[in-house]
Structures are given as structure tokens and as C-alpha cells.
Amino acid sequence: MGFFEYLGRNYDLVLIELLNHIKIIAIAIPIAIGIGVPIGIVVSRSKRASSIALYGAGILMTIPSLALFGYMVVLLAPLKAGIGVTPAVIALVIYSFLPVIRNTVVAVNSVDPRMIEAARGMGMTNWQILFRVRLPLTIPIIMAGVRNAAVMGVSVATIAYLIGARGLGYFIFSGLGRSNFNMVLLGALIVSILGIGTNYGLLALEEIITPRGLKIEREK
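Numbering-wise (the UniProt record's numbering), the sequence shown opens with residue 1 and increments by one.
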């Protein structure tokens with residue numbers, strides 16, 4: 001059976017596993033952003049705190065993905081959630097912390113102090129400065145971290161098939177087990193396309209949410 005013939009016969013299965021794969025990423029990345037960005041904002045006020053946070057996130061990221069999935073299975077087993085989407089999502093959130101927190105810290109600290117002083121001179125509170133000055137100016141840097149986390153998540157989610165989370169890993173790992181190289185090639189191609197599409201999709205989102213003034217500055 002040729003590659004395109006296999007694709008035609010298994011189109012429905014491809015779509016199902018693609019949606020399963022996207023579901024894992026679509027749950028994990030917003031959670032990582034919702035936790036990582038506030039942590040990055042808080043710890044950015046102190047060099048010591050930011051160093052500790054980044055060091056901790058770095059240690060978590062150096063754990064091999066298979067080992068991390070193994071830890072999740074064992075830790076969540078008493079809650080009857082050790083197999084499936086839940087451990088996969090938690091593992092992806094953990095892996096996403098470093099790029100999200102790191103870029104948030106760098107972004108917040110890169111804002112020109114003169115702009116902060118000008119905002120204070122206009123009577124803005126710390127919260128107003130955060131949401132009206134710091135965050136709008138740091139969107140491109142924070143989004144770069146989100147893109148890194150999302151593209152990495154596409155790859156890591158493939159391995160989540162081994163713990164029952166389904167997804168595109170089915171084609172790669174089942175294909176290897178059956179020596180069916182059409183399955184392996186199909187899975188690899190779709191994962192690659194999904195990773196590239198995720199990157200450019202988030203770039204388009206970044207373009208939409210970036211303040212107009214920053215776009216004009218970049219064009220210059």
C-alpha cells in the first residue's frame with residue numbers, strides 16, 4: 001500500500017488523532033501562560049527571586065520527557081488520573097514554564113525606566129502602569145516565549161501517546177511497532193506541519209495584539 005493510498009483509507013483516523021493532539025496543546029499552553037506570566041511579572045521585581053524561579057523552571061525542563069510522563073503517571077495514579085490527557089497536559093505545562101517565565105522576566109525588565117517614570121508622573125498606579133505600559137510594550141517578547149512553548153508542546157505531545165493520551169504519536173509509535181513506514185511518515189509529516197502552522201499562527205496573533213506604536217517603531 002502506497003503512502004497516499006494509506007492516507008485516503010485512514011483520513012477519518014488522521015483527523016481524530018489530529019484533534020486529540022491539538023486538544024492537549026490547547027489546554028496546556030493557556031494554563032502555562034496563565035501561571036507563567038504572572039510568576040514572571042512578580043519575580044521580575046527581584047533579581048534573586050527571578051534567578052530562583054528560572055533555575056527551578058530550568059531544572060524541570062531538563063527532565064527527559066519520558067521520565068516526566070512516568071512521574072505524572074505514578075503521582076496521579078492514586079487519583080485515578082495517571083493515564084490519558086491529564087498527565088500529558090500537566091507535563092506540557094511544566095515544560096512550558098521556562099520559556100514563558102524567562103521571556104516575561106526579560107520583557108518586563110526591558111521596559112525603558114523613563115517611560116515608567118513618565119507614567120508615574122501622570123498619576124498612574126502600579127497596576128495601571130503594569131496593564132497600560134509594561135505589558136503592552138512587552139507583548140512581542142512574551143509571545144516569543146509562548147511560541148517556543150507551543151512548538152515544543154507539539155513535539156512533546158507526540159510522546160504523550162505512550163501514556164494513553166492519544167494524538168499523532170499513534171502513527172509514529174504504532175507504525176514503528178508494525179514496521180509500517182507509511183504510518184511513521186504520515187505522523188512525522190503532520191506533526192511537522194502542525195508545529196510550523198502553530199508558530200506562524202501565533203506570529204499572526206502577535207501581529208494583531210501588538211500595539212500599533214510598536215509596529216511603526218519596528219518598521220523604522
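Positions of the beta carbon are idealized from the N, C-alpha and C atoms, including for glycine.
* Could you have a look at Y6 and say whether DSSP puts it in helix, strand or coil? => Here residue 6 refers to the residue found at position 6 when the sequence shown is read from its first residue. It is helical.
* **Alpha-carbon to alpha-carbon, V108 and E117** => Working through the sequence shown from its first residue, we reach residue 117 at position 117. Working through the sequence shown from its first residue, we reach residue 108 at position 108. Computed Cα separation, rounded: 15 Å.
* To do: For residue 260, count neighbouring C-beta atoms within 10 Å of its own C-beta (all shown protein chains included) and say buried if the count is 16 or more, exposed if not.
  => The structure shown does not extend to residue 260, since the chain is modelled only from 1 through 220, so no value can be given for it.
* Asked: Around the C-beta of R147, are 16 or more other C-beta atoms found within 10 angstroms, so that it is buried, or is it exposed?
  -> Here residue 147 is taken as the residue at index 147 of the sequence shown, counted from 1. Result: buried.
* Measure the alpha-carbon distance for L185 versus F4 and round it to whole angstroms. => Residue numbering aside, residue 185 sits at position 185 when the sequence shown is read from its first letter. Residue numbering aside, residue 4 sits at position 4 when the sequence shown is read from its first letter. Their Cα atoms are separated by approximately 11 Å.
* **Cβ pair count under 8 Å reaching 3, the stretch 24-31 against the stretch 172-184** => no
* To do: Return the CA-CA distance between I25 and A149, expressed in angstroms with no decimal places.
  => Here residue 25 refers to the residue found at position 25 of the sequence shown. Here residue 149 refers to the residue found at position 149 of the sequence shown. Cα to Cα, the separation comes out at about 10 Å.
* To do: Answer yes or no: do L60 and Y95 have a C-beta to C-beta separation smaller than 9 Å?
  => As a working note, residue 60 is residue 60 in the sequence shown. As a working note, residue 95 is residue 95 in the sequence shown. A contact, by the Cβ cut-off of 9 Å.
* Below 8 Å on the Cβ atoms is my guess for V151 versus L168; work out the distance and round it to an integer in Å. => As a position in the sequence shown, residue 151 is number 151, starting the count at 1. As a position in the sequence shown, residue 168 is number 168, starting the count at 1. In fact, because the Cβ distance is near 14 Å, the residues do not count as touching under 8 Å.
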